[in-house]
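Peer 1:
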Amino acid sequence: TTTHQRPSKNENGKDEIFQREVNQVRMTERTNLKAPKESSNIRVGDDSRRNSSAARKPGVHKVLSLDMTQAPRDPRAIGQFGQPVDLPRSHDADVRKRWDEGQFNVYLSDQIPVDRAIPDTRPETCSKSLVHDDLPSASVIFCFVDEVWSTLLRSVHSVLNRSPPHLLKEIILVDDFSTRDYLKEPLDQYMSQFPKVRIIRLKERQGLIRARLAGAAVAKGDVLTFLDSHVECNVGWLEPLLERIYLDRKKVPCPVIEVISDKDMSYMLVDNFQRGIFKWPLVFGWSSVPDDVIKKNNLTVSDPIRCPVMAGGLFSIDKNYFYELGSYDPGLDVWGGENMEISFKIWMCGGEIEIIPCSRVGHIFRGQNPYKFPKDRQKTVERNLARVAEVWLDEYKDLFYGHGYHHLLDKKVIDIGNLTEQIELRKRLQCKSFKWYLENVYPDMDAPLVKAEGLVFNRGLRKCLTLQKGSLSFDICDLNKQNQHFNYTWMRHIQQQGLCVAPQVRKNGIVMTSCDNTKPELRWFHKNSNSAENLIAELVPNRMCLEAEPRGDLVRLGPCEPSSIFQKWQFTHYIVK
Ligand code: LR7
Ligand code: MN
């Protein structure tokens, strides 16, 4: 097992990396495949199956593993069968020169057949599993902006060649205002040989979220299947997805997303039992299904895996259900956050997200976005996430803001736009709370509502902060005294009920005021540790600290002095270290 690293979607500047375990796949016996007999050969665009009695008969059949029956056109081509290509060093300059066109090895991709074979990485039982004959049909939607020619074509060919024709209603290519010439007439020309492929051109750059909505709006199939434009669908990928929706239209199945190497273009198998999760502040990642969940449910490698969140790019959803859910928040711009939005929406409003191990699609993971953002990239993504947090996270949104996004609360700094419709939608659908989601869908998630709580002990006085008749003083520490209990929150408030400790700069005093997330002056820096630490007023100039007056029982604001024990404070419980 090797480790494939790719940057996470964390946009707050930290270079957090989520790792996806991958394995190189050996050449399979497919290499020796002979040309198939005519009869077993189902050609692209051939709809004859629809009218055949076999397809009409109610019942089930084995998943169709279409192009397994066909030998590839050119078995000796490089990259064939998904094998890694090690170009001689003499090509390094060419590789480098073209890298930025797609943020992967474009030079190599252009030399690999657009309809190459890839290894069948499904668990063994998959090719024998049964699906219904009367599955819903799918519209496959690819959105792209300035996608590389060879990868866009490979994506389309993999769908055409590996989807049962009677289930593939159409392929919709949504051009999100690309600038490259080859994506204009040459693309129209090329795709005109495939009656099922339609191209939609957006008149201005909309971003992938609104581009998907534009594709969905014209789709004629029963099911929408969204894919990124640099993927390769594996054999038998479609039917297992449609089968889940057939069984329950509120299931939202995702294929296993495998890794196409950005360097050598090899197709790599990922580990079993991986699911999509998030960490704060709404950073997507992969993690193993907890062992107790596998044991309790007797999960085998081919069973669907319930996922707290989806990666975003690759999934099928019943078209009507997609619209019942209010589709995507159309206020989300360009890239990012929409996977969180749709995931919370699906789970909280009665649906389910699953990864289907018998459905596998390779995706080129890239280190950077190869296209420009109309506005600042970081600002775009954090604005999207703030919209999601405001609509879906309830009281847990403090955890989002508290992980490096405090600045988003200042309405003068960023305008996250109008959310009335999204909030209305959530009410109308009678969706459950985020607390319910955490408890029922993602119980292993760590989501404490406060960072520290309990008594606030001052090391100098050896007494505790006490709130009496609206003002702060000290008293002998006593866990039974409710007026000595404070929370240190994600907003960095020192809080009792709705009241917050606030610095009064002119008098070097301290007052209690109503807590308000948008007021940075109510925030205190405090290192969570088991020794007493300073409480530093965030917005006050010249670093001022909360301190106890050594002789009185008063609290005041003083210039921070690292050695002063009267400025050292300790909460009873530190929930977050
Ligand atoms: O403005 C844009 N317009 C577009 O049409 C920006 C992008 N796009 C297209 C783009 O050409 C591509 O086909 O949208 C698709 C997705 O963009 P990528 O490939 O740059 O996204 P990604 O693979 O880096 O990121 C993942 O997260 C995104 C968050 O908004 C989307 O949900 C992507 O679909 C998603 N990709 C996957 O889930 C594949 C697995 C990667 C992971 C995790
Ligand atoms: Mn992608």
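When the sequence shown is numbered by UniProt numbering, its final residue is 786 and no position is left out of the sequence of numbers.
Beta carbons: idealized from backbone N, C-alpha and C, even for Gly.
All figures in this text were calculated on a predicted structure; none of them were measured in a lab.
(1) Can you tell me which of the three DSSP states Gln320 falls into?
(2) Based on the DSSP output, what are the partners of Phe487 in its beta bridges?
(3) Using C-beta distances below 7 Å, list every residue in its chain close to Pro499, excluding the 5 sequence neighbours before and after it, in chain order.
(4) Using the Cα positions of Arg637 and Lys554, report the straight-line distance between them to the nearest angstrom.
(5) What are the uninterrupted segments assigned as alpha helix (DSSP H) that are 4 or more residues long and contained completely in the UniProt domain "Ricin B lectin" (663-778), given in chain order?
(6) What did DSSP end up calling Glu247 once you bin it into helix, strand or coil?
(7) Based on DSSP bridge pairs, tell me the residues matched to Glu467.
(8) Along the alpha helix (DSSP H) that carries Lys504, what are the first and last residues, could you check?
(9) Alpha carbons only, please: which of Cys754, Ala746, Ile418 is nearest the one belonging to Lys728?
(10) Tell me where the alpha helix (DSSP H) around Met557 begins and ends.
(11) Check Ile623 in the structure and name its three-state DSSP category.
(12) Quick one: is Leu688 buried, meaning 16 or more other Cβ sit within 10 Å of its Cβ, or exposed?
(13) Is Val349 near ligand 1, with its Cβ less than 7 Å from a heavy atom?
(14) Between Asp585 and Thr698, is the Cβ-Cβ spacing less than 8 Å?
(15) Considering only their Cβ atoms, is the gap separating Leu450 from Ser568 smaller than 8 Å?
(16) Around the Cβ of Pro395, are there at least 16 other Cβ atoms within 10 angstroms (buried) or fewer (exposed)?
(17) Closer than 7 Å: is that where the CB of Gly522 sits relative to any heavy atom of ligand 2?
(18) Applying the 10 Å Cβ sphere with the 16-neighbour rule, what's the burial state of Gln587?
(19) Can you check which of these residues, Asn506, Val461, Ile623, Leu478, is closest to Gly559 by C-alpha distance?
(20) Which word fits Tyr532, buried or exposed, when buried means at least 16 other C-beta atoms lie within 10 angstroms of its C-beta?
(21) Helix, strand or coil: which one does DSSP assign to Tyr537?
(22) In chain order, what residues of the same chain have a beta carbon less than 6 Å from the beta carbon of Arg259, not counting five sequence neighbours either side?
(23) Assuming Gln779 and Cys754 form a contact by the criterion Cβ under 8 Å, report the distance between their Cβ atoms to the nearest whole angstrom.
(24) Please go through the same chain and pick out, in chain order, the residues whose beta-carbon is closer than 7 Å to the beta-carbon of Cys769, but skip the five residues on each side of it.
(25) Based on Cα-Cα distance, which residue from Ala595, Ile573, Ser274 lies nearest to Glu448?
(26) Using the beta-carbon count (16 or more within 10 Å), is Val479 buried or exposed?
(27) Between Gly535 and Asn593, which are expected to be in contact by the criterion C-beta below 8 Å, what is the C-beta distance as a whole number of angstroms?
(28) Shorter than 7 Å, the distance from the beta carbon of Lys437 to the closest heavy atom of ligand 2, or not?
Peer 2: Answer, in terms of the structure:
(1) coil
(2) Phe493
(3) Asp653
(4) 12 Å
(5) none
(6) Any reading at Glu247 must be qualified, since the residue scores a pLDDT of 35, below 50, and its modelled position is unreliable; the value itself is stated next. In this structure, Glu247 counts as helix in the three-state DSSP scheme.
(7) Gly571
(8) 500-505
(9) Ala746
(10) 547-557
(11) coil
(12) exposed
(13) no
(14) no
(15) yes
(16) exposed
(17) yes
(18) exposed
(19) Val461
(20) exposed
(21) coil
(22) With a pLDDT of only 43 at Arg259, under the threshold of 50, the placement of this residue in the model should not be trusted; the figure read from the coordinates follows. So the list reads His375, once near-sequence residues are dropped.
(23) Actually they are not in contact, since the Cβ atoms of Gln779 and Cys754 sit about 14 Å apart, beyond 8 Å.
(24) Asn743, Ile745, Arg752, Met753, Cys754, Gln776
(25) Ser274
(26) buried
(27) With 8 Å as the limit, Gly535 and Asn593 do not qualify as a contact, their Cβ atoms being about 16 Å apart.
(28) The residue asked about is misnamed: residue 437 is Asp in this sequence, not Lys. True, at least one ligand heavy atom lies under 7 Å from that Cβ.
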